[in-house]
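Here's the structure, in structure tokens; my notes come after.
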Amino acid sequence: MNSKVKGNILMFIAKTFSGLNQNALRYLLPNWMSAQTGVLFRLGFGTLFFIVYELFVWKKFTLPTWKDSGKLILTGLIFVFGYMWALLEGLSFTTPISSSIFISLQPVFVFIICLVIKTEKATWKKVIGMIIGFGGALLCVLTQHSSAVASAPMKGNMFCLLGAFLYSCYLVIEKKFIPKLGSAMVSALTFGGGAIGAIILVCFSGWDALVLHQNIFSTPMLVLLFVLIFPTSLSYLLQDFSLKLLSATVVALYSDLILIVSAIASYIIGQDKFSWWQILAIALMLLSVYLVEISEAKTNNPPKESAALQN
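Counting the sequence shown from 1 gives a position; my numbering is that position plus 2.
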């Protein structure tokens with residue numbers, strides 16, 4: 003099989019998992035588990051997964067120094083934990099489509115951060131893309147009302163917006179360490195740092211996981227296992243494999259698939275109701291990401307492209 007075809011297939015699978023992740027989490031929250039407990043589930047499982055995976059690949063990369071380890075653990079504690087908590091908290095109050103709209107803002111946030119730290123240069127396409135993207139997000143916020151599937155959409159959308167920003171900060175920091183340490187080591191340390199934050203949060207908020215009282219073959223347990231195994235773990239690995247076969251720009255464009263998959267699934271299973279305003283917001287977000295990424299491709303500067311985006 004052609005390497006580019008293989009890379010595209012892997013990315014399609016990875017981002018499909020990420021899109022369905024929004025719907026799966028919305029099903030579990032808040033009836034089957036609290037957002038705080040859900041964060042601990044994801045970060046704890048992810049940490050164990052990447053530690054085991056690291057055992058098979060550690061010889062290919064340099065072991066981290068104590069200083070680098072501390073920086074990555076702190077990064078996980080602040081940004082990975084913050085992102086996971088904001089995302090799950092937001093999904094407790096809004097819909098998967100709205101959450102995905104804000105996740106699609108990540109390439110725009112990454113560009114803004116890189117612009118501030120002077121690792122990127124502004125172009126008209128990027129600026130116009132950012133304006134359109136924030137316009138789409140604002141349209142989603144102003145037109146969404148409370149319903150049976152979104153008890154407090156404004157509150158939920160603000161949490162999702164915060165989560166998108168925190169994860170964007172994580173991506174910028176993560177890029178500095180991956181070439182030397184490898185994605186498995188970086189993910190293991192940052193997920194571990196995030197798990198520490200989740201444990202502290204659960205100690206104060208309390209443990210709430212009704213899902214664990216269900217039969218392992220029950221729908222809630224199967225949905226939880228899907229979240230932990232596929233979007234939390236395997237999709238990261240598939241994306242890493244794809245980055246070896248495809249350009250960073252092509253990988254980044256697949257972030258649009260999260261929004262599309264989540265929207266289709268939401269309408270089919272009844273987690274959201276069709277709205278022309280929402281369709282317009284989705285179209286604006288896709289156009290925003292397209293303009294930013296096409297402009298990135300023309301700069302021919304792959305290391306600074308905010309590509310490997312994951313939910």
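Backbone N, C-alpha and C fix where the C-beta goes; we use that ideal spot for every residue, glycine too. Computed from a predicted structure; not experimentally measured.
{"Check": "By alpha-carbon positions, which one of LEU282, ALA88 and GLN108 ends up nearest to LEU203?", "Outcome": "ALA88"}
{"Check": "Expressed to the nearest angstrom, what Euclidean distance is found between the alpha-carbon atoms of LEU140 and TRP68?", "Outcome": "43 Å"}
{"Check": "Using alpha carbons as the reference points, say which of SER290, LEU289, ILE284 and GLY199 lies closest to PHE43.", "Outcome": "GLY199"}
{"Check": "With burial defined as no fewer than 16 other Cβ atoms inside 10 Å of the residue's Cβ, what is the status of SER153: buried or exposed?", "Outcome": "exposed"}
{"Check": "Would DSSP call PRO155 helix, strand or coil?", "Outcome": "helix"}
{"Check": "Is ASN159 buried or exposed, if buried means 16 or more other CB atoms sit within 10 Å of its CB?", "Outcome": "buried"}
{"Check": "When the distance is taken between beta carbons, is LEU50 closer than 8 Å to GLY195?", "Outcome": "no"}
{"Check": "Out of LEU226, SER207 and PHE83, which has the shortest C-alpha to C-alpha gap to HIS215?", "Outcome": "LEU226"}
{"Check": "Thinking C-beta only, is ILE130 closer than 8 Å to LEU293?", "Outcome": "yes"}
{"Check": "Helix, strand or coil: how does DSSP classify ALA200 here?", "Outcome": "helix"}
{"Check": "Compute the Euclidean distance between the alpha carbons of LEU30 and ASN23, then round it to the nearest angstrom.", "Outcome": "11 Å"}
{"Check": "When DSSP labels each residue in this structure, what does GLN38 get in the three-state scheme?", "Outcome": "helix"}
{"Check": "Grab the span of the alpha helix (DSSP H) containing THR97 for me, first residue to last.", "Outcome": "Per DSSP, THR97 belongs to no alpha helix (DSSP H) and is neither H nor E."}
{"Check": "Going by alpha carbons, who is nearest to ASP210 out of LYS8, VAL112, ASN25 and MET35?", "Outcome": "MET35"}
{"Check": "In the structure shown, what three-state DSSP assignment does CYS205 receive?", "Outcome": "helix"}
{"Check": "May I have the straight-line CA-CA distance separating ASP274 from MET3, to the nearest angstrom?", "Outcome": "39 Å"}
{"Check": "In this structure, does DSSP put GLY9 in helix, strand or coil?", "Outcome": "helix"}
{"Check": "Taking the alpha carbon of GLY9 as the reference point, which residue from TRP279, LEU247 and ILE271 has its own alpha carbon closest?", "Outcome": "LEU247"}
{"Check": "Counting beta carbon pairs with one atom in the stretch 102–113 and one in the stretch 217–231, are three or more of them shorter than 8 Å?", "Outcome": "no"}
{"Check": "Report the rounded CA-to-CA distance for THR251 versus LEU288, giving the unit in angstroms.", "Outcome": "Unreliable placement is indicated for THR251, whose pLDDT of 49 sits below 50; the coordinate value is still reported in the next sentence. Between THR251 and LEU288, the C-alpha separation is close to 15 Å."}
{"Check": "Considering only the alpha carbon of each residue, which of ASN217, MET156, PHE136 and LEU173 lies closest to SER290?", "Outcome": "PHE136"}
{"Check": "Could you tell me the distance, in whole angstroms, from the CA atom of ILE260 to the CA atom of LEU27?", "Outcome": "14 Å"}
{"Check": "Report the three-state DSSP secondary structure of ASP210 (helix, strand or coil).", "Outcome": "coil"}
{"Check": "Candidates SER5, GLN38, ILE105 and CYS162: which alpha carbon is nearest THR96's?", "Outcome": "CYS162"}
{"Check": "Does the distance from the CB of GLY48 to the CB of PHE219 come in under 8 Å?", "Outcome": "no"}
{"Check": "For THR125, does the three-state DSSP call read helix, strand or coil?", "Outcome": "coil"}
{"Check": "Alpha carbon to alpha carbon, how far is ILE133 from ALA283? Give it in angstroms, no decimals.", "Outcome": "13 Å"}
{"Check": "Would you call PHE58 buried or exposed, if buried means 16 or more other Cβ atoms sit within 10 Å of its Cβ?", "Outcome": "exposed"}
{"Check": "Go ahead and label LEU65 buried or exposed: buried means 16 or more other beta carbons lie within 10 angstroms of its beta carbon, across all protein chains shown.", "Outcome": "exposed"}
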